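Here's what the structure looks like:
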């Protein structure tokens, strides 16, 4: 009988197993602590073993991609820079790909403030996937979607945590000239469930509906100031919160609320998946 992992610390929830399953026998479920893990429907499973083979976190050594050279850069477009968590280089890469009729994958908050990986094909949507999201995103079937675009000859920029990029590459099984990947320097990921609780806490406190949250807002300078954008009595309002006044932000920065595998992450090294 196929088992996806024998200990929770051996799963990063990159969702490569779910994406590659030919029978859609794998779904993502939430455990008692709010973290997401892939689970097999035994009635649908045909024991083909593709899920085990594609698991980069357990089976595949890190890529060994040591940087040939490194650069410090900043985006000259002030609108892109202000919407970015740091230097706005993602915005420059995304703009290049979109100008070439390509597509870009990244994490966005949906209208329920749930972190989801999405695909965009125009500059107007770029702000949705800009900025740091201090929570694990739901990959869903974006690996399958990315492969379809790649096979159709479109340029694809796929961004995510190192384990998500490793999952994508393992799912694809080969390199493609029209695929560009970019992994973030990851601090680790809290659960989407814990983040959901934080959003509810904010809504109760502000007596409004949270419609966006920026973990590294620049309206008062560079740093970790949190901006909560919410709707109250039909009016859009903003609230700036210092990290030490946000229990979620504080726990995250101290590393107290991360996935178990994040504390022993094999991708936390100079060899980059992206």
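In this note's numbering, the protein residues as written are 1253 to 1526.
The beta carbon of each residue, even a glycine, is placed where N, CA and C say it ideally should be.
Computed from a predicted structure; not experimentally measured.
>> Measuring only the C-alpha atoms, how far is residue 1497 from residue 1439?
In response: Here residue 1497 corresponds to residue number 245 of the chain shown, with the count starting at 1. Here residue 1439 corresponds to residue number 187 of the chain shown, with the count starting at 1. Distance from the CA of residue 1497 to the CA of residue 1439, rounded to the nearest whole angstrom, comes to 20 Å.
>> Once the 5 residues before and after residue 1501 are set aside, which same chain residues still bring their CB inside 8 Å of it?
In response: Counting from one through the chain shown, the residue named residue 1501 turns up at place 249. Exclusion of the five residues before and after residue 1501 leaves 1386, 1467, 1476, 1478, 1493, 1495 as the residues of its chain whose Cβ lies within less than 8 Å of its Cβ.
> residue 1306 by DSSP, collapsed to three states: which one?
Replying inline: Your numbering for residue 1306 matches position 54 in the chain shown. Here residue 1306 sits in coil by DSSP.
> With a CB to CB cut of under 8 Å and the five nearest residues on each side skipped, what residues in its chain are close to residue 1392?
Replying inline: Within the chain shown, residue 1392 is the residue found at index 140, counting from 1. Only residues of its own chain outside the window of five on either side were considered, and among them 1267, 1368, 1369 have a CB closer than 8 Å to the CB of residue 1392, listed in chain order.
> Given a threshold of 16 other Cβ atoms within 10 Å of its Cβ, counted over all protein chains shown, does residue 1487 qualify as buried or as exposed?
Replying inline: For this step, residue 1487 is matched to residue 235 along the chain shown. Counting Cβ neighbours within 10 Å, residue 1487 comes out exposed, since fewer than 16 surround it.
> How do the segment 1396-1406 and the segment 1423-1435 stand: do at least 3 beta-carbon pairs fall below 8 Å, yes or no?
Replying inline: Short answer: they touch.
>> If I follow the unbroken beta strand (DSSP E) through residue 1291, where does it start and stop?
In response: Locating residue 1291 in the chain shown gives position 39, counting from the first residue. It spans 1288-1292 - the beta strand (DSSP E) in which residue 1291 sits, taken as one unbroken run.
>> Within a Cβ cutoff of 7 Å, which residues of the same chain sit near residue 1382, ignoring the five residues on either side of it in sequence?
In response: Working through the chain shown from its first residue, we reach residue 1382 at position 130. Counting only residues of its own chain and dropping the five nearest sequence neighbours on each side, residue 1382 has a CB closer than 7 Å to the CB of 1335, 1336, 1342, 1343.
> How would you call residue 1296, buried or exposed, if buried means at least 16 neighbouring beta carbons within 10 angstroms?
Replying inline: The residue labelled residue 1296 in the question sits at position 44 within the chain shown. Exposed: under 16 other Cβ atoms inside 10 Å.
> From residue 1257 to residue 1345, what distance separates their C-alpha atoms?
Replying inline: In the chain shown, the residue the question calls residue 1257 occupies position 5. In the chain shown, the residue the question calls residue 1345 occupies position 93. It is roughly 35 Å from the alpha-carbon of residue 1257 to the alpha-carbon of residue 1345.
>> For residue 1521, count the other beta carbons within 10 Å of its own beta carbon; 16 or more makes it buried, fewer makes it exposed. Which is it?
In response: Within the chain shown, the letter at position 269 stands for residue 1521. Within 10 angstroms of the beta-carbon of residue 1521 lie fewer than 16 other beta-carbons, which makes it exposed.
> Rounded C-beta distance between residue 1360 and residue 1328? I'm assuming under 8 Å.
Replying inline: Residue numbering aside, residue 1360 sits at position 108 when the chain shown is read from its first letter. Residue numbering aside, residue 1328 sits at position 76 when the chain shown is read from its first letter. Their Cβ separation, rounded to whole angstroms, is 25 Å, which puts residue 1360 and residue 1328 out of contact at 8 Å.
> Which whole-angstrom value describes the C-beta separation of residue 1402 and residue 1408, a residue pair presumed to lie in contact below a C-beta threshold of 8 Å?
Replying inline: Position 150 of the chain shown, counted from the start, is the residue given in the question as residue 1402. Position 156 of the chain shown, counted from the start, is the residue given in the question as residue 1408. About 5 Å separates the two Cβ atoms, so the contact holds.
> Just reading off the beta strand (DSSP E) that residue 1371 is part of, what are its end residues?
Replying inline: As a first step, residue 1371 must be located in the chain shown, where it is residue number 119. Its beta strand (DSSP E) spans residues 1367-1372.
> Tell me which same chain residues have a C-beta within less than 6 Å of the C-beta of residue 1340, skipping the five on either side of it?
Replying inline: As a first step, residue 1340 must be located in the chain shown, where it is residue number 88. Here the set comprises 1327, 1332, 1333.
> Would you say residue 1262 and residue 1278 are within 9 Å of each other, going by their C-beta atoms?
Replying inline: Here residue 1262 refers to the residue found at position 10 when the chain shown is read from its first residue. Here residue 1278 refers to the residue found at position 26 when the chain shown is read from its first residue. For residue 1262 and residue 1278, no; Cβs fall outside 9 Å.
> Rounded C-beta distance between residue 1451 and residue 1483? I'm assuming under 8 Å.
Replying inline: As a first step, residue 1451 is located in the chain shown; it is residue number 199 there, counting from the start. As a first step, residue 1483 is located in the chain shown; it is residue number 231 there, counting from the start. 13 Å between Cβ atoms; not a contact.
>> Could you give the first and the last residue of the continuous alpha helix (DSSP H) run that contains residue 1413?
In response: Taking the chain shown and counting its residues from 1, the one referred to as residue 1413 is at position 161. In the DSSP assignment, residue 1413 falls outside any alpha helix (DSSP H), carrying neither H nor E.
>> On a Cα-Cα basis, can you pick out the residue from 1517, 1474, 1511 that is closest to residue 1283?
In response: One-based indexing of the chain shown puts residue 1283 at position 31. Looking from the CA of residue 1283, the closest CA among 1517, 1474, 1511 belongs to 1511.
> Under 9 Å, do residue 1471 and residue 1285 count as touching if we go by C-beta distance?
Replying inline: Counting from one through the chain shown, the residue named residue 1471 turns up at place 219. Counting from one through the chain shown, the residue named residue 1285 turns up at place 33. Result no, Cβ atoms of residue 1471 and residue 1285 do not sit closer than 9 Å.
> Ends of the beta strand (DSSP E) at residue 1364?
Replying inline: Within the chain shown, residue 1364 is the residue found at index 112, counting from 1. Run containing residue 1364: none; DSSP gives neither H nor E here.
>> Just to confirm the assignment, what range does the alpha helix (DSSP H) spanning residue 1352 have?
In response: Counted from its first residue, the chain shown places residue 1352 at position 100. No alpha helix (DSSP H) contains residue 1352, which DSSP labels as neither H nor E.
>> Ignoring anything shorter than 3 residues, give me the beta strand (DSSP E) runs that lie fully in the segment 1432-1496, in order along the chain.
In response: You should have 1461-1466, 1478-1484, 1487-1493.
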